[in-house]
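J.: Top to bottom, those sequences are chains A and B. Going by my numbering, the first sequence opens with residue 79, and the numbers climb by one from there. Going by my numbering, the second sequence opens with residue 90, and the numbers climb by one from there. Quick one: the structure is below, and I'll ask about it shortly.
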Amino acid sequence: MVVVGRNGTGKSTLLKTLAGLLPPKSGSVNLGGASVEAMRPRQRARRLAFVSSTPPRGTALTVRDVMELALEAGGHPVEAIRVDQAMQSGGVDQWAQMALDTLSDGMAQRVMLARAAAQSDSLILLDEPTAFLDVVGRQEVMADVGQWREAGKTVVLATHDLDAVHESGWADRWMVMRPPSEGGAFLPEEAFTSDAAKALLMGKD
Amino acid sequence: MKAHWSLPLLGAAMLVLFVVGLFSGPAHLEWSEEWAALQGRGGETAGTIMWQLRLPRLVTAALSGAALGLAGLLMQTFFRNPLAGPGVLGVSSGATLGVALVALGGASMGSVSGTGELGPQVVGALIGGGAVMALLGLVMGRFRSRTALLIFGLMVGYLAGALVTVLQAGAEAGALQAFVHWGMGSFAHAGWASCTIMLCALTPAIFWSWKASNSLDMWTMGALTAKTMGVDERTLSWSALGTAGILAALVTAWCGPVAFLGLATPHLVRAAGVRGRHSTMLWPVVLTGATVALLADLVVRLAGVPLNAVLSLVGAPVVLMLIVGRGRIFSKFRAQ
Numbered sequence: 079m080v081v082v083g084r085n086g087t088g089k090s091t092l093l094k095t096l097a098g099l100l101p102p103k104s105g106s107v108n109l110g111g112a113s114v115e116a117m118r119p120r121q122r123a124r125r126l127a128f129v130s131s132t133p134p135r136g137t138a139l140t141v142r143d144v145m146e147l148a149l150e151a152g153g154h155p156v157e158a159i160r161v162d163q164a165m166q167s168g169g170v171d172q173w174a175q176m177a178l179d180t181l182s183d184g185m186a187q188r189v190m191l192a193r194a195a196a197q198s199d200s201l202i203l204l205d206e207p208t209a210f211l212d213v214v215g216r217q218e219v220m221a222d223v224g225q226w227r228e229a230g231k232t233v234v235l236a237t238h239d240l241d242a243v244h245e246s247g248w249a250d251r252w253m254v255m256r257p258p259s260e261g262g263a264f265l266p267e268e269a270f271t272s273d274a275a276k277a278l279l280m281g282k283d
Numbered sequence: 090m091k092a093h094w095s096l097p098l099l100g101a102a103m104l105v106l107f108v109v110g111l112f113s114g115p116a117h118l119e120w121s122e123e124w125a126a127l128q129g130r131g132g133e134t135a136g137t138i139m140w141q142l143r144l145p146r147l148v149t150a151a152l153s154g155a156a157l158g159l160a161g162l163l164m165q166t167f168f169r170n171p172l173a174g175p176g177v178l179g180v181s182s183g184a185t186l187g188v189a190l191v192a193l194g195g196a197s198m199g200s201v202s203g204t205g206e207l208g209p210q211v212v213g214a215l216i217g218g219g220a221v222m223a224l225l226g227l228v229m230g231r232f233r234s235r236t237a238l239l240i241f242g243l244m245v246g247y248l249a250g251a252l253v254t255v256l257q258a259g260a261e262a263g264a265l266q267a268f269v270h271w272g273m274g275s276f277a278h279a280g281w282a283s284c285t286i287m288l289c290a291l292t293p294a295i296f297w298s299w300k301a302s303n304s305l306d307m308w309t310m311g312a313l314t315a316k317t318m319g320v321d322e323r324t325l326s327w328s329a330l331g332t333a334g335i336l337a338a339l340v341t342a343w344c345g346p347v348a349f350l351g352l353a354t355p356h357l358v359r360a361a362g363v364r365g366r367h368s369t370m371l372w373p374v375v376l377t378g379a380t381v382a383l384l385a386d387l388v389v390r391l392a393g394v395p396l397n398a399v400l401s402l403v404g405a406p407v408v409l410m411l412i413v414g415r416g417r418i419f420s421k422f423r424a425q
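Dropping the structure here:
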């Protein structure tokens with residue numbers, strides 16, 4: 079599912095609430111029948127993974143370290159084979175021994191995506207993952223997401239990079255965030271397109 | 090926990106410093122006398138010097154260095170800030186204030202060399218440090234960012250320092266001199282009782298740090314990431330700050346406000362190439378802190394310069410060289 083909207087309409091807030099990082103003001107977020115907010119952090123880490131828009135800075139952990147931590151967070155056995163696999167499918171294996179604080183933002187973000195995929199088999203939440211990336215970086219992120227979708231994972235992606243989503247062509251469901259004055263959040267029918275989203279956001283609907 | 094190449098090296102260095110420390114000092118004893126005293130034979134004076142003065146002093150130095158190094162590591166990780174040290178919590182400032190109230194406010198600051206008793210100044214330090222920790226605990230929930238908490242700790246430290254200055258201004262010469270002397274830091278005023286207490290605090294601290302290594306590692310990637318990877322922010326905050334605070338308070342209580350070790354020890358370890366997972370860094374930091382403290386104590390005894398002066402005179406240039414030489418390490422440390 080792709081969550082789009084202009085700046086300030088609450089995309090990040092929505093994703094953080096889904097991840098259990100913020101309490102909902104009303105109602106609840108349920109994953110498999112259990113409230114996400116009520117879950118203990120370790121339980122929640124096994125059910126979902128979250129990637130924030132800012133890549134980590136100032137951490138001396140190597141890519142391999144990060145993947146080991148991700149496997150542990152997700153409740154998977156931390157074996158060398160699984161770590162290697164996770165790095166390979168995330169396309170970050172060539173940096174395995176490099177510390178995150180020596181990587182560029184784009185590289186670090188890819189590592190975070192690979193980390194999320196290693197942590198969660200089922201649900202991955204991405205909060206504007208392409209925000210700090212260049213053209214190539216954005217394409218790589220979209221390719222990763224497409225891969226996950228094919229592997230059967232559920233992905234919720236908040237972005238204002240409609241062009242990247244359009245090019246990748248994999249958006250199944252949409253959610254358009256609008257301020258209450260413009261009608262509030264809008265969950266259109268299945269056959270929605272990125273062009274329609276663009277038009278909606280630019281107020282031509 | 091895999092054994093790390095640096096550990097045998099540090100262990101050997103500590104052993105050497107320990108032995109050198111045991112067999113050197115202002116009292117002019119023959120080596121044979123010292124050796125005899127260690128074995129339980131020999132004269133009473135020699136025995137007292139070895140067992141009540143030198144040995145506790147060395148043990149105190151090692152334990153204090155280890156405690157401060159660990160506290161520094163926890164603070165730098167928790168605040169994601171390489172400039173953090175146990176001092177930023179304001180705990181050692183609070184402990185100093187406690188001692189100032191006792192020493193400058195009335196009770197005489199008698200020498201407590203070699204006894205490690207819970208004299209009035211020690212009680213004052215523990216109460217002062219404890220008060221600051223209680224204050225931190227109260228406000229911790231209210232701060233949304235780590236930086237705000239850091240600033241709070243710093244400001245509490247400044248306030249405590251201001252009150253100490255006021256007390257100093259009104260104190261009489263003898264008490265003032267004793268207090269200033271205390272403020273220069275020393276491992277000589279502790280005894281077996283204090284060593285035992287410090288060991289009882291350091292052991293669970295190391296144990297907790299080891300168990301929490303993964304959580305601490307995740308924390309370095311950012312609070313949001315860490316929380317969604319299973320880190321309980323409240324537990325980590327209380328544990329990390331509580332551990333560092335207690336270690337800082339205890340060291341300050343018996344050794345005075347020891348400068349530099351908390352902040353610099355993790356950096357020394359990182360400069361040696363030991364970085365990354367906390368499980369990798371933990372023991373090197375603990376042992377490096379102990380080694381540096383032992384070395385500093387040796388210099389104190391041979392050169393007669395106060396502890397804090399030795400630590401800062403040697404330590405600050407070393408850290409400067411590290412920053413200049415390895416600017417790369419610090420360039421990616423952006424405040425979060």
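For each residue, glycine too, the CB sits at the ideal point set by N, CA and C.
Would you call the stretch 198–214 of chain A and the stretch 161–181 of chain A touching, i.e. three or more CB-CB distances under 8 Å?
T.: No, because fewer than three Cβ pairs between the stretch 198–214 of chain A and the stretch 161–181 of chain A fall closer than 8 Å, the two stretches do not touch.
J.: Out of B/A155, B/L215, B/P293, B/G174, state which residue places its alpha-carbon closest to the alpha-carbon of B/G100.
T.: That would be B/A155, whose Cα lies nearest to the Cα of B/G100.
J.: Starting from B/M273 and walking both ways along the alpha helix (DSSP H), at which residues does that stretch end?
T.: Where B/M273 is concerned, there is no enclosing alpha helix (DSSP H), given that its DSSP letter is neither H nor E.
J.: Which residue's Cα is closest to the Cα of B/V320: B/G334, B/A301, B/A337, B/I335?
T.: Of the listed residues, the one whose Cα sits closest to B/V320 is B/A301.
J.: Here's the rule: buried if 16 or more other CB atoms are within 10 angstroms of the residue's CB, otherwise exposed. What is A/Q172?
T.: Answer is exposed; the Cβ neighbour count stays below 16.
J.: Work out the CA separation of B/G242 and A/V170 for me, nearest whole Å.
T.: Answer to the nearest angstrom: the Cα atoms are 40 Å apart.
J.: Less than 8 Å separating the beta-carbons of A/A123 and A/S167?
T.: Going by C-beta atoms, A/A123 is not nearer than 8 Å to A/S167.
J.: Can you pull the chain A neighbours of B/M307, defined as C-beta to C-beta under 8 Å?
T.: Those within 8 Å of B/M307 in chain A are L147, A151.
J.: Taking only the alpha-carbon atoms, compute the straight-line gap between A/V141 and B/N303 and give it to the nearest angstrom.
T.: If you take the alpha carbons of A/V141 and B/N303, they lie about 14 Å apart.
J.: Classify A/D212 as helix, strand or coil using the three-state DSSP reduction.
T.: A/D212 falls in the coil class under three-state DSSP.
J.: Under 8 Å, do A/E115 and A/P101 count as touching if we go by C-beta distance?
T.: A contact, by the Cβ cut-off of 8 Å.
J.: Is it buried or exposed for B/A392, if we count other Cβ within 10 angstroms and need 16 for buried?
T.: B/A392 should be labelled exposed.
J.: Within a Cβ cutoff of 6 Å, which residues of the same chain sit near B/G489, ignoring the five residues on either side of it in sequence?
T.: The displayed coordinates of chain B run from 90 to 425. Any statement about residue 489 of chain B would go beyond what the structure contains.
J.: Going along the chain, which unbroken runs of the beta strand (DSSP E) with 3 or more residues stay wholly within the stretch 147–233 of chain A?
T.: The stretch 147–233 of chain A contains these whole beta strand (DSSP E) runs: 201–205.
J.: Against chain A, does B/S202 count as a neighbour if the rule is that its beta carbon must be under 8 Å from one of theirs?
T.: Per-residue confidence for B/S202 stands at a pLDDT of 37, beneath the threshold of 50, marking its modelled position as unreliable; the derived number appears in the next sentence. Chain A, which has no Cβ nearer than 8 Å to the Cβ of B/S202, makes this no.
J.: Assuming B/G183 contacts B/G217 (C-beta within less than 8 Å), just tell me the rounded distance between them.
T.: Going by Cβ atoms, the distance from B/G183 to B/G217 rounds to 4 Å, so yes, they are a contact pair.
J.: Any heavy atom of the ligand MN closer than 7 Å to the Cβ of B/L190?
T.: In the structure shown, the ligand MN is absent, as is every other ligand, since no ligand is present at all.
J.: Starting from the Cα of B/Q165, find the closest Cα among B/R146, B/H278, B/R359 and give me that residue.
T.: That would be B/R359, whose Cα lies nearest to the Cα of B/Q165.
J.: CA-CA distance, A/S106 and A/A112?
T.: Taking the straight line from one Cα to the other gives about 10 Å.
J.: Rounding to the nearest angstrom, what Cα-Cα distance links B/I412 and B/M229 in this structure?
T.: Going from the Cα of B/I412 to the Cα of B/M229 covers about 32 Å.
J.: Could you tell me whether the Cβ of B/G161 comes closer than 8 Å to any Cβ of chain A?
T.: No - not a single Cβ of chain A is within 8 Å of the one on B/G161.
J.: For A/L100, which three-state DSSP category applies?
T.: The answer is coil: DSSP assigns A/L100 none of H, G, I, E or B.
J.: First and last residue of the alpha helix (DSSP H) that includes B/V358?
T.: Element bounds for B/V358: 350–360.
J.: Return helix, strand or coil for A/G83, following the three-state DSSP convention.
T.: Correct three-state label for A/G83: strand.
J.: For A/P101 and chain B, any beta-carbon pair shorter than 8 Å?
T.: False, the Cβ-Cβ gap to chain B never drops below 8 Å.
J.: Measuring only the C-alpha atoms, how far is B/A151 from B/F276?
T.: Whole-angstrom Cα-Cα distance: 9 Å.
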